[in-house]
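Trainee:
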Amino acid sequence: MQGQETIETQAKQKPLTPLKKKALTIGAFLNSKRGAFEALLPKHLTAEKMVKGILSVAARNQKLLECTVESILNVVLVASSLGLAIGHRGVHPVPYWNTKTKRLEAVPIPDYRGLIDLAYRSGHVLSIRAVPFFEGEKFEHHEGNEQLVIHEPNPEVVWNWKNLRGVYFVGVTKDTSIPYVRVFYKNEIELHRAKSPAWN
839 MQGQETIETQ
849 AKQKPLTPLK
859 KKALTIGAFL
869 NSKRGAFEAL
879 LPKHLTAEKM
889 VKGILSVAAR
899 NQKLLECTVE
909 SILNVVLVAS
919 SLGLAIGHRG
929 VHPVPYWNTK
939 TKRLEAVPIP
949 DYRGLIDLAY
959 RSGHVLSIRA
969 VPFFEGEKFE
979 HHEGNEQLVI
989 HEPNPEVVWN
999 WKNLRGVYFV
1009 GVTKDTSIPY
1019 VRVFYKNEIE
1029 LHRAKSPAWN
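Counting from 839, one number per residue, gives the positions in the sequence shown under our numbering.
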């Protein structure tokens, strides 16, 4: 296979660091198992793109190279079955210490953009917006038969975690013209974040 030949060619070019050897091993393993996920992929994704996606993320987060190859393959299988790429606007492989197996494993976590893509692809969603609001901005949230959000963004406010007050979500489905509104204040976000394997 072309992917296998590329890996072998790279290995012959220069002495490899342990991490580079691990990356090549992961790449070779995924290429050997590509039949397991290739059939799951939609037309806009290829097996080669999925393998490159994993290795690209691993180049930025070398902890991923310490994860079991089986868990990395599972990330690719999950992403393939969802029709999402690895990385930006897709599924992120997050290194997570499994206290039961005592091993570092890659956990597939879709990012919010990937989840939004899935929602649109379902055919039931007309629009989705997630908007942060910060200290120094007018924000009101009123509950009732119909929820109302009043938000006046301030272009002079610095967008950072320290100034964040919360995030609100507005979604409209084909079933109803009434928008669904959900507000997450900063303390709620922090609670959810603390429970996540990708908290940091």
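By construction, the Cβ of each residue, glycine as well, lies at the ideal position given by its N, Cα and C atoms.
Provide the residue span of the alpha helix (DSSP H) that contains VAL895, from first to last.
Mentor: Taken as a continuous stretch (DSSP letters only), the alpha helix (DSSP H) holding VAL895 covers 885–898.
Trainee: With DSSP run on the structure shown, which of helix, strand or coil describes ASN1025?
Mentor: If DSSP states are grouped into helix, strand and coil, ASN1025 belongs with the helices.
Trainee: Using the rule of at least 16 other Cβ atoms within 10 Å of the residue's Cβ for burial, across every protein chain shown, is PRO853 buried or exposed?
Mentor: Exposed.
Trainee: Going by C-alpha to C-alpha distance, which of LYS858, GLY873, THR1011 sits closest to LEU964?
Mentor: It is THR1011.
Trainee: Give the DSSP bridge partners of PHE977, in chain order.
Mentor: For PHE977, which the question treats as bridged, DSSP gives the partners HIS989.
Trainee: Could you give the first and the last residue of the continuous beta strand (DSSP E) run that contains GLU943?
Mentor: Its beta strand (DSSP E) spans residues 941–948.
Trainee: Can you look up GLY952 in the DSSP assignment and give me helix, strand or coil?
Mentor: GLY952: helix per DSSP, three-state reduction.
Trainee: Compute the minimum distance between the beta carbon of LEU857 and the heavy atoms of the ligand SAM, and state whether it is under 7 Å.
Mentor: Absence of the ligand SAM from the depicted structure is noted, as is the absence of any ligand whatsoever, leaving it without description.
Trainee: Is the beta carbon of LEU878 sitting closer than 8 Å to the one on SER909?
Mentor: In this structure, SER909 does not lie closer than 8 Å to LEU878 by Cβ.
Trainee: I need the DSSP call for HIS926, collapsed to helix, strand or coil.
Mentor: The answer is coil: DSSP assigns HIS926 none of H, G, I, E or B.
Trainee: Please classify GLU943 as buried or exposed, where buried requires at least 16 other C-beta atoms within 10 Å of its C-beta.
Mentor: GLU943 should be labelled buried.
Trainee: Would you report the Cα separation of HIS989 and PHE1022, rounded to the nearest angstrom?
Mentor: Approximately 14 Å, taken between the alpha carbons.
Trainee: Quick one: residues in its chain with C-beta nearer than 7 Å to the C-beta of PHE972, no 5 flanking neighbours on either side, listed in chain order?
Mentor: Closer than 7 Å at the Cβ level, and outside the excluded window around PHE972, lie VAL995, TRP997, ASN1001, LEU1002, ARG1003.
Trainee: Tell me whether SER909 sits in a helix, a strand or coil according to DSSP, three-state version.
Mentor: Three-state DSSP puts SER909 in a helix.
Trainee: Using 8 Å as the threshold, is the C-beta distance between PRO946 and LEU902 below it?
Mentor: No, the pair does not count as a contact, with Cβ atoms beyond the cut-off.
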